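Using my numbering, read the sequence shown as starting at 75 and increasing by one per residue. Right, one structure below, let's go through it.
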Amino acid sequence: MPPQMDFILESVPFLRFMLQFWNLVKYVPAYSTRLKFDSGVWSVLPPNSSDKMGVVDPVWTESNWNTIGIRVYTVQIAAYDRVVLFGGIALTILAYLAITVTRTFVAKATKRD
75 MPPQMDFILE SVPFLRFMLQ FWNLVKYVPA YSTRLKFDSG VWSVLPPNSS
125 DKMGVVDPVW TESNWNTIGI RVYTVQIAAY DRVVLFGGIA LTILAYLAIT
175 VTRTFVAKAT KRD
């Protein structure tokens, strides 16, 4: 977590309460873009060879990326897609009928004369 965040979280009571949720996010240092915005103009700062990880211009990022990989999917047969489609339609119709029958039963059971 950036050092500035520690100060902010400790100085504000509500954020101090929320400190437990900050522990779920892991911030890691990132390489600086060396971008500077001044008077409506973006400019690139010159590189500083002695500043290995951008301590002068600190940038922090959330580390939640997995390693780069590839997934290969196989195409299933069309008959399986049809079974899933018609199964979903049948389940929807059965759910509608069950709701209708239940409503009718409850309406008759709670009917008062």
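Beta carbons: idealized from backbone N, C-alpha and C, even for Gly. Small disclaimer: the values here were computed from a predicted structure and weren't measured.
What's the C-alpha gap between residue i and residue j?
i    : j    : result
Q150 : T176 : 38 Å
L159 : T178 : 29 Å
I144 : R156 : 28 Å
A152 : A172 : 30 Å
T166 : V146 : 32 Å
I142 : L168 : 44 Å
T148 : S124 : 50 Å
V180 : T174 : 10 Å
P120 : S113 : 18 Å
I163 : Y170 : 11 Å
A183 : Y154 : 43 Å
G161 : K185 : 36 Å
Could you round the C-beta distance between residue i and residue j to whole angstroms and report it? I think they count as a contact, below 8 Å.
i    : j    : result
V115 : L109 : No, V115 and L109 are not in contact; Cβ-Cβ is about 11 Å, not under 8 Å.
Residue i: beta carbon under 6 Å from a heavy atom of the ligand ATP?
i    : result
I144 : Within the structure as shown, the ligand ATP is missing, as the structure has no ligands at all.
How far does the beta strand (DSSP E) with residue i in it reach, from first residue to last?
i    : result
V115 : V115 to V118
With respect to the alpha helix (DSSP H) encompassing residue i, which residues constitute its N-terminal and C-terminal limits?
i    : result
K182 : A152 to A183
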